[in-house]
Each structure stands twice: as C-alpha cells, then as structure tokens.
Ligand code: NDP
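In my numbering, the protein residues as written are 4 to 330.
Set out below in structure tokens:
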C-alpha cells in the first residue's frame with residue numbers, strides 16, 4: 004500500500020475529449036486538476052484516422068493529433084496530466100478514495116469520470132491488422148463512413164447500432180452488405196424495417212466473418228461463411244465496419260455508482276453530469292450509449308467540470324466559482 008496519501012481537489016480519470024475538456028475547464032477554475040491517462044492515452048480517438056466532424060478543424064485533423072492538442076491545451080492552464088491506471092476506487096465515505104496502479108492512494112474532493120467505452124471487435128487477426136494500419140476497419144460509421152463514399156462496404160452486427168450505421172452508410176456508399184450471425188435481427192422492428200427497405204443494403208443472415216481480406220495496406224474484401232451450410236464466399240469491399248456493441252469502461256465503479264444493465268453510468272439528475280455519489284461526476288461515453296461522439300464527449304466534459312466547481316463552491320465558501328469559464 005502507499006506510503007503517503009495525496010490529496011487532490013479534482014481528479015479526472017481518462018484522457019479522451021471528455022477528460023481533457025474537463026481538465027481545461029477545471030484548471031481555468033483553479034481546481035488544480037490531476038488527470039490520469041489510463042492505458043490508451045487519448046482514448047478511442049487515437050484509433051481514428053481523420054476527424055472531419057469536430058467543429059473548428061475545417062481541413063480535418065487526425066485523431067492522435069487532436070488528442071495531443073487537447074492535452075497541450077489542458078496542460079497550458081496547469082492540469083497535471085499523468086501516466087497511470089486507476090485500479091480501484093472507494094466512494095463509500097465522505098472522502099473519495101482512488102488507487103493508481105494498485106498502490107498509490109489519492110483522496111479526492113471531486114472525481115470526474117471520463118473513462119469512455121470501448122467498441123467491441125470480432126478479434127480476428129486480419130481485422131486487428133487493418134484496424135491498426137488504419138486501412139479500412141472501423142467501429143464508427145458516423146466518424147469514418149465519409150471516407151467510403153461511392154464504395155462498397157461490409158458491416159457486421161444486428162442490433163440497433165448496426166441497423167442505424169448500415170442505414171447511415173447506405174446514404175454514402177454504393178452498397179452495404181450486412182452480416183447477421185443468426186437468422187434474425189436483434190434490432191427493434193422499426194430499425195429492421197428501415198434496413199430491409201433500403202435498396203443498396205444486402206442482408207446476409209446466418210453469416211459470419213472468417214477473414215478480412217486486404218493487400219497488406221488496405222482492406223479489399225471480406226471472406227464470409229454461412230454457419231448453416233458452411234459455404235464460404237468473398238465479398239469485395241474497401242471498408243469493414245464492426246457494430247457489435249460497446250463496453251463502457253466502468254467495472255471499477257460497480258458497487259458504488261448506479262450503472263445500467265450494460266454498465267453505463269446513470270446520471271442521477273438528467274441534464275447534469277451528477278452521479279448518485281455527491282462529488283463524483285461523469286462525462287463522455289461512460290454514460291452515453293446514444294451519441295458517442297468526440298464533440299458530445301467534450302461537451303459533457305465541460306459540464307462535469309462546471310458541476311464539480313459549483314459543488315466545491317457550495318461545500319467550501321472560500322472556494323469561489325471562477326468567472327473565467329463563463330467568458
Ligand atoms: P446490442 O448489444 O444491442 O447488439 C449487438 C449485436 O451485435 C447483436 O445483434 C449481436 O448478435 C451482434 N454480435 C455480437 N457479437 C457478435 C459477433 N462476434 N459476431 C457477429 N455479431 C455479433 O448493441 P448495440 O450497440 O446495437 O445497441 C446497444 C444498446 O443501445 C441497445 O439497447 C440498443 O437498443 C441501443 N441503441 C439504440 C439506438 C436507437 O434507439 N436509435 C441506436 C443504437 C443503439 P446477436 O443478436 O446474435 O446476439
């Protein structure tokens with residue numbers, strides 16, 4: 004266990020757009036935020052090539068570059084950005100306790116959770132290879148669909164996300180082939196109807212991905228197998244979209260915070276960043292299974308820092324709400 008316990012006014016867990024935005028606001032409000040980056044500094048955006056839908060970047064920006072800029076903006080105002088993984092929390096008392104890498108113990112007046120969610124992938128070697136190369140594998144049609152305009156793509160999944168993403172892609176792409184592993188959808192009837200009634204979406208039931216095909220740099224197709232007949236065939240495609248769900252990174256908060264059945268943190272007061280524990284706030288995808296965009300994550304990061312600031316001001320009359328965040 005730790006030799007010395009560190010005391011922190013505002014601890015931010017996670018380094019995606021939500022965490023960094025919370026840090027920018029918290030630092031400007033004299034809350035001296037300490038931000039732990041986690042194992043994937045920069046979060047999900049570091050696996051995105053070009054970001055073209057974040058306002059303020061008319062020519063687009065790469066995901067990693069944008070995250071470096073956000074980090075620089077946070078440190079410019081004095082945020083203490085650290086490497087480290089929060090392995091345990093204890094929100095049962097007045098002081099919120101957090102452990103870094105199992106050892107270092109921190110006592111926090113406020114905690115802002117920005118741990119995000121991780122897209123699920125199939126786990127095939129070929130899928131991971133082209134994902135890492137940025138060569139045509141994506142888990143976000145809204146982020147990356149634009150790069151496949153007038154091209155043919157394959158999408159895996161049968162839930163509401165898959166149906167929504169297939170429909171979104173159908174407006175950009177020449178053809179979308181949807182791979183459904185069972186003989187039916189999981190998606191709601193209305194979403195199913197939408198994809199079934201879209202001319203350029205072909206649905207293959209009982210069909211699984213065997214391999215993502217490519218030329219070593221980019222995706223060129225997908226080898227699929229019918230799990231009933233065992234027949235295989237190749238589908239030409241330049242994009243392979245995976246829409247089989249997300250897992251919010253909230254396991255360590257179980258038992259302290261109210262989570263929904265998937266693990267998303269539930270806001271105790273809709274329209275705020277508050278959780279069921281006073282002084283603990285949530286921003287970004289850890290509480291959002293609907294929008295999941297960098298810009299919405301950044302927006303809720305701002306909300307969390309402002310909520311934390313007001314909470315501190317209400318608790319401690321010597322801590323004043325800053326004016327800088329309202330300029
Ligand atoms: P879901 O968990 O609902 O669906 C995941 C889908 O992926 C399932 O159809 C599942 O198949 C399939 N799948 C899982 N693993 C594999 C695999 N290894 N190979 C092939 N297919 C696989 O996730 P969603 O992200 O779609 O939705 C999450 C929640 O968000 C849901 O409650 C949904 O209703 C909601 N949502 C609502 C929207 C809206 O209302 N507009 C939009 C998007 C999401 P199987 O069915 O065989 O298990």
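The beta carbon of each residue, even a glycine, is placed where N, CA and C say it ideally should be.
*residue 79 by DSSP, collapsed to three states: which one?*
Numbered from 1 along the chain shown, position 76 holds the residue referred to as residue 79. In the structure shown, residue 79 sits in a helix (DSSP, three-state: H, G or I).
*Using 10 angstroms around the beta-carbon of residue 191, count the other beta-carbons present and answer buried if the total reaches 16, otherwise exposed.*
By one-based count along the chain shown, residue 191 stands at place 188. Residue 191 should be labelled exposed.
*From 200, 228, 193, 196, pick the residue whose C-alpha is nearest to that of residue 207; which is it?*
Walking along the chain shown from the start, residue 207 turns up at place 204. Looking at the Cα atoms, 228 is the closest of the given residues.
*Within the region 174–225, note down every full alpha helix (DSSP H) run reaching 4 residues or more, in order along the chain.*
192–199
*For the region 110–176, which segments carrying the alpha helix (DSSP H) assignment without a break, of at least 4 residues, lie completely within its bounds, in sequence order?*
128–136, 144–147, 163–173
*Tell me whether residue 194 counts as near the ligand NDP, meaning its Cβ is closer than 8 Å to at least one heavy atom of that ligand.*
As a working note, residue 194 is residue 191 in the chain shown. Yes, since a heavy atom of the ligand NDP falls inside the 8 Å radius drawn around the Cβ of residue 194.
*asked:* When you compare the CB of residue 57 with every CB in chain B, is at least one pair closer than 9 Å?
replied: Protein chains in the displayed structure number just one, and chain B is not present.
_Contact set for residue 266: own chain, Cβ-Cβ below 6 Å, skip 5 residues either direction_ = Numbered from 1 along the chain shown, position 263 holds the residue referred to as residue 266. Take residue 266, set aside five residues on each side of it, and the residues of its chain with a beta-carbon closer than 6 Å to its own are 251, 253, in chain order.
*To which residues of the same chain is residue 54 closer than 8 Å at the C-beta, ignoring the five residues directly before and after it?*
Here the question's residue 54 lines up with position 51 in the chain shown. If we look at residue 54 and ignore the five residues flanking it on each side, its Cβ neighbours are 48, 60, 63, 64, 65, 66, 69, 146, 297.
_Taking the beta strand (DSSP E) that residue 91 belongs to, which residues open and close that run?_
Taking the first residue of the chain shown as position 1, residue 91 is located at position 88. Counting along the chain, residue 91 sits inside the beta strand (DSSP E) bounded by residues 89–93.
*asked:* Quick test of your reading: residue 277 and residue 286, contact by CB under 8 Å. State the CB separation rounded to the nearest angstrom.
replied: The residue you call residue 277 lines up with position 274 of the chain shown. The residue you call residue 286 lines up with position 283 of the chain shown. Between residue 277 and residue 286 the beta-carbon gap is near 11 Å, outside 8 Å, which marks them as no contact.
*Measuring from the CB of residue 123, is there a heavy atom of the ligand NDP at a distance below 8 Å?*
Along the chain shown, read from residue 1 onward, the residue named residue 123 stands at position 120. For the ligand NDP, at least one heavy atom lies less than 8 Å from the Cβ of residue 123.
_With a threshold of 8 Å (Cβ to nearest heavy atom), would residue 84 be considered close to the ligand NDP?_
Numbered from 1 along the chain shown, position 81 holds the residue referred to as residue 84. Here the distance from the Cβ of residue 84 to the nearest heavy atom of the ligand NDP is not below 8 Å.
*residue 291 classed as buried or exposed, judged by whether at least 16 other C-beta atoms fall within 10 angstroms*: To locate residue 291, count along the chain shown from 1; it is residue 288. Looking at its Cβ environment, which holds 16 or more other Cβ atoms inside 10 Å, residue 291 is buried.
*Per DSSP, residue 65 forms a beta bridge with which residues?*
As a working note, residue 65 is residue 62 in the chain shown. According to DSSP, which records beta bridges pairwise, residue 65 is partnered with 53.
*Quick one: residues in its chain with C-beta nearer than 7 Å to the C-beta of residue 168, no 5 flanking neighbours on either side, listed in chain order?*
Position 165 of the chain shown holds residue 168. Taken in chain order, the residues that qualify are 144, 158, 244, 246.
_For residue 318, three-class secondary structure by DSSP_ = Taking the chain shown and counting its residues from 1, the one referred to as residue 318 is at position 315. In the structure shown, residue 318 sits in a helix (DSSP, three-state: H, G or I).
_For residue 284, the three-state DSSP class (helix, strand or coil)_ = Here residue 284 corresponds to residue number 281 of the chain shown, with the count starting at 1. DSSP, read as helix, strand or coil, puts residue 284 in strand.
_Just to confirm my understanding: we take residue 194, look at its own chain, exclude 5 residues before and 5 after, and list those with CB closer than 7 Å. What are they?_
Mapped onto the chain shown, residue 194 falls at position 191. Cβ neighbours of residue 194 beyond the five flanking positions: 163, 166, 167.
_Classification of residue 202 by the beta-carbon crowding that lies within 10 angstroms, buried from 16 upward_ = Indexing the chain shown from 1 puts residue 202 at position 199. Counting Cβ neighbours within 10 Å, residue 202 comes out exposed, since fewer than 16 surround it.
*asked:* Short of 6 Å in beta carbon distance, which residues of its chain neighbour residue 85, apart from the five on each side in sequence? Order them along the chain.
replied: Position 82 of the chain shown, counted from the start, is the residue given in the question as residue 85. Only 39 meet the Cβ criterion.
*asked:* Taking contact to mean 3 or more Cβ pairs, one atom from each stretch, closer than 8 Å, check whether the region 74–82 and the region 211–227 are in contact.
replied: No, because fewer than three Cβ pairs between the region 74–82 and the region 211–227 fall closer than 8 Å, the two stretches do not touch.
*Comparing the CB of residue 223 with every heavy atom of the ligand NDP, is any distance shorter than 8 Å?*
Residue numbering aside, residue 223 sits at position 220 when the chain shown is read from its first letter. No, since every heavy atom of the ligand NDP falls outside the 8 Å radius drawn around the Cβ of residue 223.
*Could you tell me the distance, in whole angstroms, from the CA atom of residue 29 to the CA atom of residue 255?*
On the chain shown, residue 29 is found 26 positions in, with the first residue counted as 1. On the chain shown, residue 255 is found 252 positions in, with the first residue counted as 1. Taking the straight line from one Cα to the other gives about 23 Å.
*C-alpha distance - residue 113 paired with residue 313, whole-angstrom precision*: Counting from 1 along the chain shown, the entry for residue 113 is found at position 110. Counting from 1 along the chain shown, the entry for residue 313 is found at position 310. For residue 113 and residue 313, the distance between alpha carbons rounds to 11 Å.
_I'd like to know whether the C-beta atoms of residue 117 and residue 17 end up nearer to each other than 9 Å._
On the chain shown, position 114 is the one that residue 117 refers to. On the chain shown, position 14 is the one that residue 17 refers to. Yes, they are a contact pair.
*asked:* In whole angstroms, give me the CA-to-CA distance for residue 142 and residue 8.
replied: Taking the chain shown and counting its residues from 1, the one referred to as residue 142 is at position 139. Taking the chain shown and counting its residues from 1, the one referred to as residue 8 is at position 5. In a straight line, the C-alpha of residue 142 is about 40 Å away from that of residue 8.
*Helix or strand or just coil, what does DSSP make of residue 38?*
Numbered from its first residue, the chain shown carries residue 38 at position 35. Strand, per DSSP.
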